[in-house]
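First comes the structure, then the notes that go with it.
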């Protein structure tokens with residue numbers, strides 16, 4: 030059998046992805062049940078949903094499928110192996126277009142941290158999936174800085190969109206009566222991602238070596254500062270409250 034990672038997007042091709050999305054959408058419409066299509070990856074799915082979505086159907090895309098293509102997979106290898114796979118430049122461009130026109134409702138990370146030991150097993154044995162939560166915001170803000178979208182777009186896709194899709198009350202916007210959840214970011218400086226700087230227990234990032242901007246300098250949840258980074262300090266930053274506790278601040282009174 031093939032052991033070249035280019036086979037991944039061929040085995041799990043756009044036809045099988047479209048069949049699955051069509052089937053799930055038909056069932057949602059038949060039974061009048063809400064459907065959320067996870068981590069959309071193909072242009073044909075996105076184009077089909079643009080014509081066939083209803084109020085019952087929502088969908089998402091991941092930052093990695095908006096960033097990487099087949100050339101990156103060939104260069105980086107199994108660090109970029111995931112399901113559904115990273116696809117082709119044409120797919121990536123269509124996903125961007127359908128995200129901008131509102132067909133795709135929000136961005137989600139598909140965070141799936143596997144150890145480097147399991148990622149280095151070679152294709153197809155290597156585990157599929159990658160960590161992505163902590164780099165998702167700076168990655169999207171870097172796209173904004175590069176002119177792919179606006180900062181307001183990123184806020185809509187990563188804050189308002191998920192709150193609307195999942196019916197999260199008092200989330201997603203800065204308005205009176207909403208929860209005091211916010212993040213202050215630094216768009217003036219950029220940093221190269223290094224495995225050693227990550228918080229994830231598996232200790233690596235698929236973005237290692239990439240220069241990103243927009244790192245969170247202060248993260249506030251429910252009005253309580255929970256994480257901070259100083260300008261010029263460690264890229265990891267530090268927790269500002271006890272893990273798992275709400276409202277117990279370590280640094281602020």
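Residue numbers (my numbering): 30 to 282.
Ideal Cβ placement from N, Cα and C applies to all residues, glycine included.
- Rounded to whole angstroms, residue 227 and residue 265 show a C-alpha spacing of 6 Å.
- Counted as a single uninterrupted DSSP element, the beta strand (DSSP E) harbouring residue 254 occupies residues 253-257.
- Here residue 125 is near residue 95, since their CB atoms are less than 8 Å apart.
- It is roughly 12 Å from the alpha-carbon of residue 108 to the alpha-carbon of residue 232.
- Within the same chain, 35, 38, 115, 116, 117 and 118 come within 8 Å of residue 99 by CB-CB distance, once the 5 residues on both sides are set aside.
- Straight across, the Cα-Cα distance linking residue 253 with residue 61 is about 40 Å.
- Counting the other Cβ atoms within 10 Å of the Cβ of residue 40 gives fewer than 16, which makes it exposed.
- When secondary structure is reduced to three states using DSSP, residue 140 falls in the strand class.
- Contact annotation: the stretch 41-54 does not touch the stretch 159-167, with fewer than three C-beta pairs closer than 8 Å.
- Going by C-alpha positions, residue 76 is about 32 Å away from residue 244.
- Shown here, residue 111 sits in coil according to DSSP, grouped into three states, outside any helix or strand.
- Setting aside the 5 residues that flank it on each side, residue 229 is surrounded in the same chain by 142 and 160, each with a C-beta closer than 6 Å to its C-beta; the list follows chain order.
- Beta-carbon to beta-carbon, residue 68 and residue 90 are separated by about 7 Å, close enough to satisfy the 8 Å threshold.
- Looking only at 84, 71, 255 and 200, the smallest Cα-Cα distance to residue 246 is reached by 255.
- In the structure shown, residue 35 falls within a coil segment according to DSSP collapsed to helix, strand and coil.
- The alpha-carbon of residue 52 is positioned some 12 Å away from that of residue 74.
- Counting only the Cα atoms, residue 151 lies some 27 Å from residue 72.
- With a threshold of 16 other beta carbon atoms within 10 Å, residue 201 meets it and is buried.
- Each residue's CA atom was taken as its position, placing residue 111 and residue 156 some 8 Å apart.
- The beta carbon of residue 205 sits closer than 7 Å to none of the beta carbons in its chain outside the five residues before and after it.
- Looking at the DSSP output, residue 221 shares a beta bridge with 240.
- Contact between residue 210 and residue 251 holds: their C-beta atoms lie close to 7 Å from each other, under 8 Å.
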